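Residue numbering for the sequence shown follows this note's numbering, starting at 3 and increasing by one per position. Backbone N, C-alpha and C define an ideal beta-carbon position, used for all residues, glycine too. Computed from a predicted structure; not experimentally measured. Structure first, then comments.
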Amino acid sequence: MFRALVAGLVFGMLAGAPAMAQVTEADIARAAQLFPATLPLKERHEKVMAYAADESATIEDQRAAGYALVKLCDTDRYGPSCLQVGHTFLSLDETHDASAHRYFEIACGLGEGEACSEAAILDLNGFAGKAPQPQKALAGFLKGCELNNGVSCQNAGWSYREPSGTAQDFTAARSVYEKGCRLNAAEACFYSGYYKRQGIGGASDNAGAWLDYVKGCELGNASACNNLGVMQENGVSRPQDLPGARVSYASACEGGNKHGCNNTGIFAEYGKGGPVNKALADASYAKSCDLGHAEGCFNQALLKWNSKTDMAGARIVAEKACAQEYAAACNLAGVMQFGGEGGPKDVASALENYEFACGKNEGVACSNLGAVNYSGLEGNPVNYPAAVTYYTKACELNYAEGCRSLGLAYENGMGETPDPVKAYQAFQKACTLGSPNGCHKQGFSLFTGAGIASDPQAALVAYGKGCERKVGASCYNLGLMAYFGQAGVIDKVKGRDYYRQGTRRSERL
Numbered sequence: 003m004f005r006a007l008v009a010g011l012v013f014g015m016l017a018g019a020p021a022m023a024q025v026t027e028a029d030i031a032r033a034a035q036l037f038p039a040t041l042p043l044k045e046r047h048e049k050v051m052a053y054a055a056d057e058s059a060t061i062e063d064q065r066a067a068g069y070a071l072v073k074l075c076d077t078d079r080y081g082p083s084c085l086q087v088g089h090t091f092l093s094l095d096e097t098h099d100a101s102a103h104r105y106f107e108i109a110c111g112l113g114e115g116e117a118c119s120e121a122a123i124l125d126l127n128g129f130a131g132k133a134p135q136p137q138k139a140l141a142g143f144l145k146g147c148e149l150n151n152g153v154s155c156q157n158a159g160w161s162y163r164e165p166s167g168t169a170q171d172f173t174a175a176r177s178v179y180e181k182g183c184r185l186n187a188a189e190a191c192f193y194s195g196y197y198k199r200q201g202i203g204g205a206s207d208n209a210g211a212w213l214d215y216v217k218g219c220e221l222g223n224a225s226a227c228n229n230l231g232v233m234q235e236n237g238v239s240r241p242q243d244l245p246g247a248r249v250s251y252a253s254a255c256e257g258g259n260k261h262g263c264n265n266t267g268i269f270a271e272y273g274k275g276g277p278v279n280k281a282l283a284d285a286s287y288a289k290s291c292d293l294g295h296a297e298g299c300f301n302q303a304l305l306k307w308n309s310k311t312d313m314a315g316a317r318i319v320a321e322k323a324c325a326q327e328y329a330a331a332c333n334l335a336g337v338m339q340f341g342g343e344g345g346p347k348d349v350a351s352a353l354e355n356y357e358f359a360c361g362k363n364e365g366v367a368c369s370n371l372g373a374v375n376y377s378g379l380e381g382n383p384v385n386y387p388a389a390v391t392y393y394t395k396a397c398e399l400n401y402a403e404g405c406r407s408l409g410l411a412y413e414n415g416m417g418e419t420p421d422p423v424k425a426y427q428a429f430q431k432a433c434t435l436g437s438p439n440g441c442h443k444q445g446f447s448l449f450t451g452a453g454i455a456s457d458p459q460a461a462l463v464a465y466g467k468g469c470e471r472k473v474g475a476s477c478y479n480l481g482l483m484a485y486f487g488q489a490g491v492i493d494k495v496k497g498r499d500y501y502r503q504g505t506r507r508s509e510r511l
């Protein structure tokens, strides 16, 4: 049968030489009747293809169509027919690759650019016991590109880009990618845009990259959609367009791009370019995670953990991301394991994950290890030197609360003489990095002259930052300073106002 003989294509008569050997005089006569030689080649080819695609056609007619198709190539040298014969052989098992290659080369010589690319792919990978021939493959891709086949240009770009037995040439790659994009090869548009954006193989060209990404996205390349979204989000080449970026990321996700799904989740979770949609965020992160993107797994875990709606699910995906060595996820998994959230308490695994994350320069994980050693949590021995080491690393990694904790450790002395100078320095950095309580402690040090000369005016500034960030003790202390004029003019009205703010704040130090 025509279709039964050839999986994935419409003709079956071309199942190989054995099948062709079975052609009968009746098949030849029927082919001459259905597809007379008086028909123009194009019309005859199209009629053959129509019969091949007709599921109601008889087996005899399918056999006749198969014979006619091969004759169009072998006798009439009609390129599109040769291309179809090659595809038919290629759809079978690898024992037919040599026949496929032969017909592709015939079609390529007859001006079918797609056939040049197909023959070159076989050359690149090796077939019928032949070793790969990357140089011959590149020549085939270039010939197909010269014949204005976009995929051939795209594949030539790959050959120039990858160390595949040909010399890397990013300038040449950029040129053929650009041509491939003009010829509507979607992946070529992505790479043309990427090379222009990054300045690879030529000067940086953000405007050109934008246009290539737009075209690539319209042609269905998910990576082009994602990169277009990045440019729209960040206002590169054109004004920032968050709604447009949201659409581009969604298209990328629909096309199976893991980064696009993660970005769609971020936009949905935080209401960027449109309304907040936590359900969409969760689904998008989940798809990103399923596509193997550890950051997507982490973001899904964090979303679930913050909402406290599915702690077991949060722990599962956090551990999944950690297994992919995503440091922030290892810290989150450690937090949940340490506290028994979403599953049984597992201190040993938590400490292991904290250590890994800290080793990968995740500052919060270093700070968590500092807390374990400083306070002897969960039966672990108190180890002040280790605590200082971990807190110091957390602070050096610019984790604000790690700096604050380091300051508290120096302030309290840890069984040794307190070091108010180092404590102040740590509090100052914590405040600079955005720690509300770090600002409060800096203000207190400035007011009392602990580790630094007393400076009530500077204390006002630090307390002000703490109060703005909802530290009740900072508001209360601002109130006292204003009410009693401890930094200048007495202002009892302002003092009462700060005091009221302080009493409403839940945080106290």
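query                                                                                                                                                            : result
Can you tell me whether V473 is helix, strand or coil according to DSSP?                                                                                         : strand
With DSSP as the reference, label E114 as helix, strand or coil.                                                                                                 : coil
By the DSSP assignment, the alpha helix (DSSP H) with Y193 in it spans what residues?                                                                            : 188-200
Taking G2 as the reference, which of S119, V337, P387 has the closest Cα?                                                                                        : The chain is shown from 3 up to 511; residue 2 falls before or after that span and cannot be answered.
Could you tell me which of A350, C397, S351 sits nearest to G372, measuring between CA atoms?                                                                    : C397
Output needed for Q459: all residues of its chain with C-beta closer than 8 Å, excluding positions within five of it in sequence on either side, in chain order. : A489, G490
Does DSSP put C318 in a helix, a strand or coil?                                                                                                                 : A small fix is needed here, since residue 318 is Ile in this sequence, not Cys. Here I318 sits in helix by DSSP.
Which whole-angstrom value describes the C-beta separation of G159 and A175, a residue pair presumed to lie in contact below a C-beta threshold of 8 Å?          : 5 Å
Quick check on this structure: which residue in L41, G273, D292, V238 has the alpha carbon closest to the alpha carbon of H261?                                  : D292
Throw me the rounded Cβ distance for the N150 and E189 pair, which I believe falls under 8 Å.                                                                    : At roughly 17 Å, the Cβ-Cβ gap does not stay under 8 Å, so N150 and E189 are not in contact.
Assuming Y251 contacts M233 (C-beta within less than 8 Å), just tell me the rounded distance between them.                                                       : In fact, because the Cβ distance is near 12 Å, the residues do not count as touching under 8 Å.
Measure the C-alpha to C-alpha separation of A270 and Y328 and round it to an integer number of angstroms.                                                       : 22 Å
Looking only at its chain, what residues have a beta carbon closer than 6 Å to the beta carbon of E235, apart from the 5 residues adjacent to it on each side?   : A247
Would you mind working out which of R498, F129, E62 sits nearest E1, comparing C-alpha positions?                                                                : With the chain represented from 3 up to 511, any question about residue 1 goes unanswered, as that position is not in the structure.
Residues in its own chain within less than 6 Å of D207 by CB, not counting five upstream and five downstream?                                                    : K198
What would DSSP say about G10, mapped onto helix, strand or coil?                                                                                                : Residue placement at G10 is flagged as unreliable, the pLDDT there being 30, under the threshold of 50; a coordinate-derived value is accordingly withheld.
I'd like the list of long-range same chain contacts for E343, defined as Cβ closer than 6 Å, with 5 residues on each side in sequence excluded.                  : M313
Under the assumption that C299 contacts A330 (Cβ atoms under 8 Å), give the Cβ distance between them as a whole number of angstroms.                             : Not quite, the Cβ-Cβ distance comes to about 10 Å (not below 8 Å), so this is no contact.
Straight-line CA distance for L304 to L112?                                                                                                                      : 58 Å
Which complete alpha helix (DSSP H) runs does the stretch 92-150 hold, if anything under 4 residues is left out?                                                 : 99-111, 115-127, 136-148
Alpha carbons only, please: which of T77, L85, E27 is nearest the one belonging to M51?                                                                          : L85
I need the DSSP call for K494, collapsed to helix, strand or coil.                                                                                               : helix
Which residue's Cα is closest to the Cα of Y162: Y193, P383, A70?                                                                                                : Y193
For G203, which of G474, E180, V25, F172 has the nearest alpha-carbon?                                                                                           : F172
Under the criterion of a Cβ to heavy atom distance below 6 Å, does N363 qualify as lining the ligand PLP?                                                        : Absence of the ligand PLP is noted for the structure shown, with no ligands found whatsoever.
Indicate the three-state DSSP secondary structure (helix, strand or coil) for Q242 in the structure shown.                                                       : coil
Where T77 and Y69 are concerned, what is the direct C-alpha to C-alpha distance, given to the nearest angstrom?                                                  : 11 Å
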